[in-house]
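Participant: Per the numbering used here, residue 7 is the first one in the sequence shown, and the count goes up by one each step.
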Amino acid sequence: MRRILGAAAACAVVGCTREPEPAKIAPAVAPVQTVEVKTETLPRVRFVEVTKDAGIDFTHCSGATGAKLLPETMGSGVAFLDYDGDGDFDLFFVNACPWPGESAKPGASTTQKLYRNDGRGKFEDVTKAAGLDLTCFGMGVGVGDFDNDGDDDLYLTTVDGGRLLRNDGGKFLDVTAMMNAGAGGGWLTSAAFFDMDNDGDLDLFVGRYVNWSAEYDKKQSFNLSGTNERSYGPPTAFNGSFCTLLRNDGDRFVDVSAAAGIQIKTPDLKAPVAKSLGVAPYDIDGDGRVDIAVANDTVPNFLFHNLGDGKFDEIGIAAGMAFDQAGSARGAMGIDWADFKNDGTLGLVIGNFANEMTALYVTDEPETLQFSDLANIYGLGAPTQPPMKFGIFFFDYDLDGRLDVLSTNGHLENDIAKVQKSQTYEQAAQLFWNTGKPGRSLFAQVGPEAAGPDLFTPIVGRGSAYADIDGDGDLDVVLTSNGGRARLFRNDGGSRNHAVRLRLRGTKSNRDGIGARVTAKAGDRTQRRQLFLAKGYMSSVEPVLTIGLGAAEKADELKIQWPSGKTTTLTNVKAGPLLVDEEKGPMPGTSK
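#1: Provide the residue span of the alpha helix (DSSP H) that contains S263, from first to last.
#2: Buried or exposed for M184, please, with buried defined as at least 16 other CB atoms from any protein chain shown within 10 angstroms of its CB.
#3: Determine the closest residue to R511 out of K560, K590 and T532, with distance taken between C-alpha atoms.
#4: Taking Cβ to Cβ, would you say V165 is nearer than 7 Å to W193?
#5: Roughly how many angstroms separate the alpha carbons of G2 and D289, rounded to a whole number?
#6: Among V100, L160 and V484, which has the Cα closest to the Cα of M145?
#7: Taking the alpha carbon of F129 as the point to measure from, which residue in N186, N154 and A60 has its own alpha carbon closest?
#8: CA-CA distance, T573 and A286?
#9: Less than 7 Å between the C-beta atoms of A85 and V181, yes or no?
#10: The beta strand (DSSP E) spanning T441 covers which residue range?
#11: To the nearest angstrom, report how far apart V149 and A540 are at their CA atoms.
#12: State the beta-bridge partners of D342 as determined by DSSP.
#13: Just curious, the beta strand (DSSP E) that Y222 is in, first and last residue?
#14: Check P389 in the structure and name its three-state DSSP category.
#15: Please specify which runs of the beta strand (DSSP E), each continuous and at least 3 residues long, are wholly inside the segment 183 to 245, giving them in chain order.
#16: Express the C-alpha separation of T250 and S282 in angstroms, rounding to a whole number.
#17: Identify, in the order they occur along the chain, each residue of the same chain with its Cβ nearer than 8 Å to the Cβ of S68, setting aside the five sequence neighbours on each side.
#18: DSSP three-state call for L551: helix, strand or coil?
#19: Can you give the beta carbon distance from L405 to L437, rounded, assuming they're within the 8 Å contact cut?
#20: Report the rounded CA-to-CA distance for L636 versus F449, giving the unit in angstroms.
#21: Per DSSP, what are the beta-bridge partners of N101 in this structure?
#22: Alpha carbon to alpha carbon, how far is A135 from G91? Give it in angstroms, no decimals.
#23: With a threshold of 7 Å on Cβ separation, who are the neighbours of G600 within its own chain once the five nearest residues in sequence on each side are excluded?
#24: Nearest to F98 by CA position, among V466, V279, D158 and D291, is which residue?
#25: Are R517 and Q536 closer than 7 Å when you measure CB to CB?
#26: Specify the secondary structure class of E108 as computed by DSSP and reduced to three states.
#27: Go ahead and pull the three-state DSSP assignment for P454.
#28: From this set, M363, D342 and K347, which residue's C-alpha is nearest R336's C-alpha?
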């Protein structure tokens, strides 16, 4: 993320390949005029904050006490998961802690937090009973059943490595060392479980941010522009790093990062490039192998094309999604994939730094590897330019069969208004409804008049996720705030339309069917989805595909292409209760 700093904050790390230059906010591409959509045409769906009534009382500890060390600005992630196997979705919040030698504020919690859902949207704090009362400087979380035993495991990223937390019947055990899953240490951010080789178990891709230490950070003269006040340093002042790929061999994870081709270096092959915050898996070309997109902060974004045989080719620049339209790297944070036009073409949305528009990289034709940034063309340009975007994802909040966008926003510098009057520390979230219309009217910004005021209360937004918390069929939302309290929003009105909610049970494929491709046909509309839990900014969503049908009461056909290569076709699938579809055949690792 770009910072507003003096020249003292320029690139000063040994091994840096560029000449120092004053940090600045890069000029953005001139936004195209937005198209107004009348409020009365927007969905009458309101997001109502139910945090307190639901029993959620999580407040994030950023660790900040005035030293202004970079990790304090970044947390935190959040995840929906079914930790107790009862069929509803619980909530896990990532927390940080004070730096060594410092104390938390009286009454403040510094452990991770787990809340159990009773199925009706009421939550109970079960952190201690579940063994998750862990204190560390946490960042993000990935969810996946890595051992195929039927319950959701967690991968917690921190400023000094990762922690693999195995779920043993509702009690979590740290098996990092036993499973060789620490990912080599360092400042880890987003984590995504996926099956890289379609062998039936989940592998793990982990993003790593800058090469950081508190000692180095404290020695730098990071200042707000034109002042002597200490500020948070920019990523340009720190060396890059490597992402990590861990292959699941059953009894342990094996670091295959170098052999797989994901350790990207500068052209002179001397320095690591990555400054990764968001990670999003997806099979972009329909070849049955999962590819990985990575949102990088102030360096080119990555697109790792899965070649098979454990090899990946980084094609971000060639594919057209590494830079903005002017050829500059942006401060990229959250990230997500979708067939948002329901025409087989693919879009990659990336939330960028303040005064940089959200990116929307779109393919011209289905299953191609060439993208163009069309954010301006589809209505995500001008409205998204001012705020600083972190958590961002596609979801169908009104169940009309078209994927909408939610962006969670908030600055990183609490004193930003002193040097930029147009910026604030706390910022409102942004909701964009997919109208289905072509061109600049495709995404229409939704405000308090249509969606209610609660969702748009300014916060220092970071992580975000969605799930149906109360069993009514529509998607509710949680947002986290750096150094502040989390907020849970109930979707009121989305269930006026119909939907099929599909949960998969793999047998030859991984247990949760992560990576499955689903095609849904209802009338003259075809929707295409892929099941991945890692979305947005260091967060994970529910392991269910929600396919909105609008007024239709059934899907004519659901075609499920499993990671194993098997295909299941269901016909005349009625909307309503959660549908669980099981892949036929033995579970991986069994003798049946």
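All C-beta atoms in this analysis are idealised placements derived from N, C-alpha and C, irrespective of residue type, glycine included.
Facilitator: Quick answer:
#1: Counting along the chain, the alpha helix (DSSP H) containing S263 begins and ends at S263 to A266.
#2: For M184, the number of other beta carbons within 10 angstroms of its own is below 16, and it is reported as exposed.
#3: Ranking the options by Cα distance to R511, first place goes to K590.
#4: Less than 7 Å separates the beta-carbon of V165 from that of W193.
#5: The question about residue 2 has no answer here: the residues shown for the chain are numbered 7 through 598.
#6: Between M145 and the set V100, L160 and V484, the nearest pair of CA atoms involves V100.
#7: Of the listed residues, the one whose Cα sits closest to F129 is A60.
#8: As the crow flies, the alpha-carbon of T573 is around 24 Å from that of A286.
#9: Not in contact: A85 and V181 (Cβ atoms no closer than 7 Å).
#10: No beta strand (DSSP E) contains T441, which DSSP labels as neither H nor E.
#11: Spanning the two alpha carbons is a distance of roughly 8 Å.
#12: Partner residues in the beta bridge of D342, as assigned by DSSP, are V355.
#13: It is not in any beta strand (DSSP E) - Y222 instead sits in the alpha helix (DSSP H) that spans A220 to K225.
#14: Note: P389 maps to helix in three-state DSSP.
#15: Those beta strand (DSSP E) runs which fall completely within the segment 183 to 245 and span 3+ residues are 194 to 200 and 209 to 214.
#16: Counting only the Cα atoms, T250 lies some 11 Å from S282.
#17: E78, T79, G81, A102, N488 and G489, listed in sequence order.
#18: Here L551 sits in strand by DSSP.
#19: With a Cβ gap of about 15 Å, L405 and L437 do not count as contacting.
#20: In the structure as shown, the chain starts at 7 and stops at 598, and residue 636 therefore has no counterpart that could be examined.
#21: As computed with DSSP, N101 is found in no beta bridge at all.
#22: Each residue's Cα considered, the two are about 16 Å apart.
#23: Within the shown structure, residues of the chain are numbered from 7 to 598, placing residue 600 beyond reach of any answer.
#24: Checked all of V466, V279, D158 and D291; the closest Cα to F98 is D158.
#25: Not a contact, by the Cβ cut-off of 7 Å.
#26: Residue state, collapsed to three classes: coil.
#27: For P454, the three-state secondary structure derived from DSSP is helix.
#28: Minimum Cα distance to R336 is reached at M363.
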